[in-house]
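**Student:** Quick one: the structure is below, and I'll ask about it shortly.
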Amino acid sequence: MSSPPRGEITAQLEPVVAEAVAELGFDLEELDVQQAGRRRLVKVVIDSDDGVGLDEISDISHGVSKVLDAHEHVLAGSYTLEVTSPGVDRPLTRARHWHRARNRLVKIRLTDGQNLVARVGLADDEGVQVLAGGELRRVAYRDVERAVVEVEFQQPPAKELAKLERAASGVSQQGDDREDTEESR
């Protein structure tokens with residue numbers, strides 16, 4: 001008896017794996033099932049607002065393993081389970097990715113070809129406020145072709161964070177120049 005195609009296996013397992021991951025307080029970012037010799041490799045990528053630690057990976061591995069064992073008929077044989085978190089180069093493709101990237105520096109390529117390096121501010125279901133070149137602007141997700149977090153090796157500038165925080169709280173930005181002048185005295 002032959003096993004079902006890879007995409008069909010993933011489609012059958014994704015809802016039950018997502019439920020097991022969600023019960024532990026995490027989001028399933030990706031599920032991939034590949035043939036690896038005589039076994040299948042089941043790769044589960046998880047994330048959360050608070051990040052993912054090794055203890056959580058272990059807990060999720062146990063939970064997902066139980067679910068996969070209960071659905072062994074879908075895998076049609078033995079498997080190797082790999083549970084991981086997304087890397088820093090993961091594209092920001094969902095609103096929750098933008099929420100989690102708040103105050104981080106991102107490289108954005110817009111659908112009109114424009115490229116931005118911006119700091120992420122408040123994000124909602126439709127778009128995100130960013131600070132690019134010292135200016136606040138709103139970017140709709142539908143206008144983003146690709147966006148990834150830039151790795152920074154030092155703390156973000158306090159002025160940028162303060163400007164984003166004031167914008168998020170609805171405080172007028174008119175006093176920014178005056179405040180900058182006072183700070184430089």
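One point on numbering: in the UniProt record's numbering, the residue at position 170 of the sequence shown is 170, and numbering is uninterrupted. Every residue gets a Cβ at the ideal spot worked out from N, C-alpha and C, and that includes glycine.
Looking only at its chain, what residues have a beta carbon closer than 8 Å to the beta carbon of glycine 63, apart from the 5 residues adjacent to it on each side?
**Tutor:** Position 63 of the sequence shown, counting from 1, holds the residue named residue 63. Within the same chain, glycine 63 has close Cβ partners Ala20, Val21, Glu23 and Leu24.
**Student:** Report back the beta-carbon spacing between valine 42 and alanine 101 to the nearest angstrom; my notes put them in contact at under 8 Å.
**Tutor:** If you number the sequence shown from 1, residue 42 lands on position 42. If you number the sequence shown from 1, residue 101 lands on position 101. That belief does not hold up - the Cβ atoms of valine 42 and alanine 101 are roughly 28 Å apart, past 8 Å.
**Student:** Near serine 65, which residues of its chain fall below 8 Å by C-beta distance, leaving aside the five closest residues on each side in sequence?
**Tutor:** Position 65 of the sequence shown, counted from the first residue, corresponds to residue 65. Leu81, listed in sequence order.
**Student:** Are three or more beta carbon pairs between the stretch 125-133 and the stretch 71-86 nearer than 8 Å?
**Tutor:** No, the stretch 125-133 is not in contact with the stretch 71-86.
**Student:** If you draw a straight line from the C-alpha of threonine 10 to the C-alpha of alanine 162, how long is it?
**Tutor:** Within the sequence shown, numbered from 1, the residue matching residue 10 stands at position 10. Within the sequence shown, numbered from 1, the residue matching residue 162 stands at position 162. Taking the straight line from one Cα to the other gives about 44 Å.
**Student:** Give the C-beta separation of leucine 105 and arginine 119 to the nearest angstrom, bearing in mind that I take them to be a contact with Cβ-Cβ under 8 Å.
**Tutor:** Position 105 of the sequence shown, counting from 1, holds the residue named residue 105. Position 119 of the sequence shown, counting from 1, holds the residue named residue 119. The Cβ separation is near 6 Å, so the contact holds.
**Student:** To the nearest angstrom, report how far apart serine 58 and histidine 97 are at their CA atoms.
**Tutor:** Within the sequence shown, numbered from 1, the residue matching residue 58 stands at position 58. Within the sequence shown, numbered from 1, the residue matching residue 97 stands at position 97. Whole-angstrom Cα-Cα distance: 23 Å.
**Student:** So glutamine 34 packs on valine 74, CB below 8 Å; how close in whole Å?
**Tutor:** Counting from one through the sequence shown, the residue named residue 34 turns up at place 34. Counting from one through the sequence shown, the residue named residue 74 turns up at place 74. In fact, because the Cβ distance is near 14 Å, the residues do not count as touching under 8 Å.
**Student:** Taking DSSP's pairing of strands, which residues face glycine 127 in a bridge?
**Tutor:** Counting from one through the sequence shown, the residue named residue 127 turns up at place 127. Beta-bridge pairing links glycine 127 to Ala140.
**Student:** Have a look at Asp32, Ser61 and Asp49 and flag the residue whose alpha-carbon is nearest the alpha-carbon of alanine 95.
**Tutor:** If you number the sequence shown from 1, residue 95 lands on position 95. Cα-wise, what sits closest to alanine 95 is Asp49.
**Student:** Between which two residues does the beta strand (DSSP E) holding aspartate 32 run?
**Tutor:** For the purposes of this step, residue 32 is identified with residue 32 of the sequence shown, where counting begins at 1. From DSSP, the beta strand (DSSP E) with aspartate 32 extends over 27-36.
**Student:** Kindly indicate which residue of Val151, Asp143 and Arg40 has the alpha-carbon position closest to the one of glycine 7.
**Tutor:** For this step, residue 7 is matched to residue 7 along the sequence shown. Minimum Cα distance to glycine 7 is reached at Arg40.
**Student:** Would you kindly report the start and end of the unbroken beta strand (DSSP E) that includes leucine 41?
**Tutor:** Position 41 of the sequence shown, counted from the first residue, corresponds to residue 41. 39-47 is the extent of the beta strand (DSSP E) around leucine 41.
**Student:** Roughly how many whole angstroms lie between the Cα atoms of valine 17 and arginine 90?
**Tutor:** Numbered from its first residue, the sequence shown carries residue 17 at position 17. Numbered from its first residue, the sequence shown carries residue 90 at position 90. Each residue's Cα considered, the two are about 21 Å apart.
**Student:** What does DSSP give as the partner residue(s) for glutamate 135 in the beta ladder?
**Tutor:** For this step, residue 135 is matched to residue 135 along the sequence shown. Paired residue(s): Ala132.
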